[in-house]
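A.B. asks: Questions regarding the structure given below will be posed in turn.
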Amino acid sequence: DSGVTQTPKHLITATGQRVTLRCSPRSGDLSVYWYQQSLDQGLQFLIQYYNGEERAKGNILERFSAQQFPDLHSELNLSSLELGDSALYFCASSVQGGGEKLFFGSGTQLSVL
Amino acid sequence: GQQVMQIPQYQHVQEGEDFTTYCNSSTTLSNIQWYKQRPGGHPVFLIQLVKSGEVKKQKRLTFQFGEAKKNSSLHITATQTTDVGTYFCAGPSNTGKLIFGQGTTLQVKP
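Chains as they are written, first to last, in my numbering: chain D, 472 to 584; chain G, 70 to 179.
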């Protein structure tokens with residue numbers, strides 16, 4: 472158990488819909504990262520937060536947004552969903568967000584039908 | 070932008086054979102990390118290398134960091150079926166985000 476909690480584990484929805492993925496980092500970790508993993512693909516970096524502030528942005532679509540709350544949990548919002556958004560979405564956390572090791576959650580498997 | 074490349078993408082070996090995956094960064098790295106993702110699982114941190122030319126061992130796994138701190142390798146001696154999974158290398162950007170290689174998926178035939 473990495474200590475990072477992601478909910479829900481599975482999500483099935485239709486095109487055009489909006490969903491919210493939730494992540495609670497490990498106790499004491501200030502930085503949260505979101506990654507997208509499509510079938511047989513690597514880990515595509517989406518966005519990073521540190522202590523409530525956005526620190527780095529990757530190839531995140533404009534239809535996607537995220538935030539980190541004062542209690543350090545984070546949410547990733549995906550809207551106007553398309554079939555191609557179907558993927559495994561991982562949240563990870565680290566202590567300071569300065570390039571140290573990451574602890575990954577179990578992921579949310581999103582299926583857009 | 071900064072890129073981390075890994076080869077090969079897939080490797081099938083007979084149990085007992087050795088396995089190596091290679092990682093190359095387009096920029097010098099402050100450290101290189103390796104993660105393993107079992108089928109259906111999430112990436113799990115294996116090790117971090119920091120020094121130029123560093124070599125670390127974990128049982129049958131040997132990790133190396135290149136002299137120029139731009140490349141790394143993971144070598145598994147005498148693979149076992151428990152080694153199956155995808156191995157990722159990752160390096161930090163100047164903003165601290167970790168950039169992952171595409172991963173090498175290892176299949177081991179018993």
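Note that CB positions come from ideal geometry on N, CA and C, so glycine has one too. Quick caveat: nothing in here was measured; it's all calculated off a predicted structure.
1. What is the DSSP secondary structure of Thr151 of chain G, reduced to helix, strand or coil?
2. What are the uninterrupted segments assigned as beta strand (DSSP E) that are 3 or more residues long and contained completely in the region 474-507 of chain D, given in chain order?
3. Secondary structure at Leu554 of chain D, three-state DSSP: helix, strand or coil?
4. My understanding is that Gln508 of chain D touches Leu559 of chain D, with C-beta atoms under 8 Å, so please give their C-beta distance in whole angstroms.
5. Just to confirm before moving on: does the CB-CB distance between Gly110 of chain G and Gly513 of chain D stay below 8 Å?
6. Between the alpha carbons of Pro161 of chain G and Thr146 of chain G, how many angstroms are there, rounded?
7. Would you check if the region 139-156 of chain G and the region 71-90 of chain G touch, i.e. whether three or more CB-CB distances between them fall below 8 Å?
8. For the beta strand (DSSP E) that contains Leu118 of chain G, what are its first and last residues?
9. Do we get a CB-CB distance below 8 Å when we pair Leu514 of chain D with the residues of chain G?
10. So, with DSSP's three-state summary, where would you put Leu517 of chain D?
11. Mind checking the region 522-537 of chain D against chain G and listing, in chain order, the residues whose C-beta falls within less than 8 Å of any C-beta there?
12. Taking Lys572 of chain D as the query, report the chain G residues whose CB atoms sit under 8 Å from its CB, ordered along the chain.
13. If I follow the unbroken beta strand (DSSP E) through Ser162 of chain G, where does it start and stop?
14. What is the DSSP secondary structure of Ile531 of chain D, reduced to helix, strand or coil?
15. Taking Gly569 of chain D as the query, report the chain G residues whose CB atoms sit under 7 Å from its CB, ordered along the chain.
16. Thinking Tyr91 of chain G and Ile101 of chain G are a contact (beta carbons under 8 Å), I'd like their distance in whole angstroms, please.
17. Identify which residue in G:Ala159, G:Val113 and G:Pro179 has its Cα closest to the Cα of Met74 of chain G.
18. Among the candidates D:Leu581, D:Arg534, D:Ile518 and D:His481, whose CA atom is the shortest distance from the CA of Ala563 of chain D?
C.D. replies: On the basis of the supplied data:
1. Note: Thr151 of chain G maps to helix in three-state DSSP.
2. 476-478, 481-484 and 490-495
3. Residue state, collapsed to three classes: helix.
4. That belief holds up - the Cβ atoms of Gln508 of chain D and Leu559 of chain D are roughly 4 Å apart, short of 8 Å.
5. no
6. One Cα belongs to Pro161 of chain G, the other to Thr146 of chain G, and the distance between them is close to 28 Å.
7. Yes, the region 71-90 of chain G is in contact with the region 139-156 of chain G.
8. Run containing Leu118 of chain G: Val113 to Leu118, per the beta strand (DSSP E) assignment.
9. yes
10. strand
11. Arg526, Ala527 and Gly529
12. Within 8 Å Cβ-Cβ: Gln102, Phe114 and Gln117.
13. From DSSP, Ser162 of chain G is part of no beta strand (DSSP E); its letter is neither H nor E.
14. Secondary structure of Ile531 of chain D (DSSP, three-state): coil.
15. Gly165
16. About 12 Å separates the two Cβ atoms, so there is no contact after all.
17. G:Ala159
18. Put simply, of D:Leu581, D:Arg534, D:Ile518 and D:His481 the residue whose alpha carbon is nearest the alpha carbon of Ala563 of chain D is D:Ile518.
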